[in-house]
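Below is one structure; the comments refer to it alone.
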Amino acid sequence: MTVIELQDVTRNYQVGQVETPALRGVNLTVEEGEFTAIVGPSGSGKTTMLQLMGCLDRPTSGKVHINGQDVTRLNPNKRADLRKGTIGFVFQFFALIPGLTAYENVELPLLLSGAKKAERRERVNELLEAVGISDRARHRPDQMSGGEQQRVAIARALATHPVLVLADEPTANLDTENGRQIMEIMVRLNQEIGTTFIFATHDPRVVAFARRTVELHDGRVAENSQHA
Amino acid sequence: MPLAKAQAFTRAGERASAVVVLLHDQKDADTVASALRAPGLDVLTWRDLNQLMLQAMESSMGMLYMFYLIVLAIVAVVVANTLLMSVFERTREMGILAALGMKGRQIMAMFLMESATLGALGVILGVLLGSLGVYYMATEGIYLGDIDVAEMVSADIAYGETMYARFQWADTAVLSVVCWIIMLLASLYPAWFATRKEPIDALRAL
């Protein structure tokens, strides 16, 4: 089943008086259960592509389909609903809510989805266990290392059983060992749960974990390759 | 001077041109005046004798209400400014919440709830601190003994040596509620401003 389909997608940004293209007519299809890396140099359009896939932004032209639904013209509330139930995000700088504990950060998407307390408790504990951070459940982000915070972010991204997790440079702010552990967790969850993972990176060591690589150059798909 | 001596001195016989009655409580003035009223007698209360001073008091109350309005306007500006700063500082957080699927109206409701709670806490704290001041003024008062108040204001009223404050429950309740409502109204713009941000713009702050 196709999870994401981009049809001739362009995205231009207005910088002062100049219109700068970030994506120039991208076509891409991602199937369920894929573990795909979007690679390319800075400014190649990786983050823009993830933001369009995540319904955080709208294309200037072209169409974005998620689970077969054209999301291009959805209003902000519908896009918010789609993000809540279908898509999980992992950001480079972890993006946890500072005043909340690890447990509460993971619980947040479940609260927004209206899950009951017992269900939330079970799911949060299960996820914190899955990313190996149960002992840090009561710690706030400023009491955890970068690697631990990113594990919490992954747990949060998976809280509502999304079909798709989008990770923008998930290891860029981590040392090699923590970066490797984060990628191993993502690979394991992809294999165990079947959630589709798409992540942007320019680190070759991280790319090695991907089963498919989409390379962007100047807003265009330069290469699209499957690995064994 | 004894009454008899004064009558002899003024050749008034058994008559008196005016009799001043001093009461313990100014609230009893009307009752006592009604009881004393009789044909051929003019009975005047302290209010009748001090019209000018009462008018001055009324106009000073008007000034006091103006003062209330100015304070409330300052409260509104400070609250709106603080919340707007909070919106700017929490752009990142709003971007994260939007990415997690929180809708604009939910973000607005969150800010309004925060304002309502903070406003209520502020009002409670203000009433407590204000009450302490009133309690002090009500028990210790302001000593006026060295000032000849009667000469300054009116010789027809008996003044004590100390002026005491009194706690006005009704005024306190009305001002607290008005203040809280003004804080809520002042937080509407910052809350609305928070919802105008696109998730993508908020996330760029990451």
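Taken in sequence, the protein lines are chains Z and U. Just so you know, we're using the numbering used here here: the first sequence kicks off at 1 and counts up by one. Just so you know, we're using the numbering used here here: the second sequence kicks off at 1001 and counts up by one. Positions of the beta carbon are idealized from the N, C-alpha and C atoms, including for glycine.
query: Have a look at residue 28(Z) and residue 1184(U) and give me their C-alpha separation to the nearest angstrom.; result: 48 Å
query: Could you list which residues in chain U have their beta carbon closer than 8 Å to that of residue 89(Z), in chain order?; result: 1099 and 1100
query: Spatial neighbours of residue 221(Z) within its chain, please: CB distance less than 8 Å, with the 5 preceding and 5 following residues excluded, ordered by chain position.; result: 26, 27, 28, 214 and 215
query: When you check each C-beta in the region 1070–1095 of chain U against every C-beta of chain Z, which residues fall closer than 9 Å?; result: 1092, 1093 and 1095
query: Applying the 10 Å Cβ sphere with the 16-neighbour rule, what's the burial state of residue 117(Z)?; result: exposed
query: Kindly indicate the opening and closing residues of the alpha helix (DSSP H) around residue 116(Z).; result: Per DSSP, residue 116(Z) belongs to no alpha helix (DSSP H) and is neither H nor E.
query: Residue 1203(U) versus chain Z: which residues are under 7 Å apart at the beta carbon?; result: 56
query: Counting only Cβ pairs nearer than 7 Å, list the residues of chain Z close to residue 1103(U).; result: 77 and 80
query: Only counting the same chain, and skipping five residues up and downstream in sequence, which positions put a Cβ closer than 8 Å to that of residue 1075(U)?; result: 1179, 1182, 1183 and 1186
query: Which residues bound the alpha helix (DSSP H) around residue 32(Z)?; result: First-last for residue 32(Z): undefined, no H or E at that position.
query: Identify the continuous alpha helix (DSSP H) that holds residue 1129(U) and give its terminal residues.; result: 1104–1139
query: Out of 159(Z), 63(Z), 184(Z) and 141(Z), which has the shortest C-alpha to C-alpha gap to residue 235(Z)?; result: Limits of chain Z in this structure are 1 at one end and 228 at the other, which puts residue 235(Z) out of reach.
query: Exposed or buried, residue 2(Z), counting other C-beta atoms within 10 Å across all chains shown (16 or more means buried)?; result: exposed
query: Does residue 115(Z) come within less than 8 Å of chain U when only Cβ atoms are used?; result: no
query: Drop a sphere of 10 angstroms on the beta-carbon of residue 40(Z), count the other beta-carbons inside from all chains shown, and report buried for 16 or more, exposed for fewer.; result: buried
query: So, for residue 1009(U): in the same chain, excluding its five sequence neighbours on each side, which residues have a beta-carbon less than 6 Å away from its beta-carbon?; result: none
query: Is there contact between the region 75–93 of chain Z and the region 164–172 of chain Z, where contact requires at least three CB pairs shorter than 8 Å?; result: yes
query: Contact check, residue 1175(U) vs residue 1068(U) under 8 Å by CB: the rounded distance?; result: 7 Å
query: What residues from chain U crowd round residue 46(Z), counting only those whose CB sits closer than 9 Å?; result: Under the 9 Å cutoff, chain U gives no residues; its nearest Cβ is about 14 Å from residue 46(Z).
query: List, in chain order, every chain U residue whose beta-carbon is nearer than 7 Å to that of residue 150(Z).; result: Going along chain U, no residue has its Cβ under 7 Å from residue 150(Z), so there is no contact; the nearest lies around 14 Å.
query: Residues of chain U with a CB under 8 Å from the CB of residue 204(Z): which are they?; result: Near residue 204(Z) there are no residues of chain U at all, since even the closest Cβ is about 24 Å away, more than 8 Å.
query: In the structure shown, what three-state DSSP assignment does residue 127(Z) receive?; result: helix
query: Three or more beta-carbon pairs under 8 Å between the region 137–157 of chain Z and the region 185–193 of chain Z, yes or no?; result: yes
query: CA-CA distance, residue 178(Z) and residue 1095(U)?; result: 26 Å
query: Indicate the three-state DSSP secondary structure (helix, strand or coil) for residue 223(Z) in the structure shown.; result: strand
query: With burial defined as no fewer than 16 other Cβ atoms inside 10 Å of the residue's Cβ, what is the status of residue 1170(U): buried or exposed?; result: exposed
query: Output the distance between the C-alpha atoms of residue 196(Z) and residue 87(Z), rounded to the nearest integer angstrom.; result: 10 Å
query: Just verifying my parser: in three-state terms, what is the DSSP assignment at residue 138(Z)?; result: coil
query: Can residue 107(Z) and residue 131(Z) be called in contact, C-beta distance under 8 Å?; result: no
query: Step through the CB atoms of chain U and report whether any lies within less than 8 Å of the CB of residue 97(Z).; result: yes
query: Indicate the three-state DSSP secondary structure (helix, strand or coil) for residue 1210(U) in the structure shown.; result: Outside the shown range of chain U (1001 to 1206) lies residue 1210(U), about which nothing can therefore be said.
query: From the DSSP secondary-structure annotation, give me the bridge partner or partners of residue 21(Z).; result: 12(Z)
query: Give every residue of the same chain whose Cβ lies closer than 7 Å to the Cβ of residue 1172(U), excluding the five residues on either side of it in the sequence, and list them in chain order.; result: 1127
query: Going along the chain, which residues of its own chain have a beta-carbon closer than 7 Å to the beta-carbon of residue 1161(U), five neighbours each way excluded?; result: 1143, 1144 and 1145
query: Name, please, each residue of chain Z whose Cβ falls closer than 8 Å to the Cβ of residue 1200(U).; result: 51, 56 and 57
query: Per DSSP, residue 88(Z) forms a beta bridge with which residues?; result: 165(Z)
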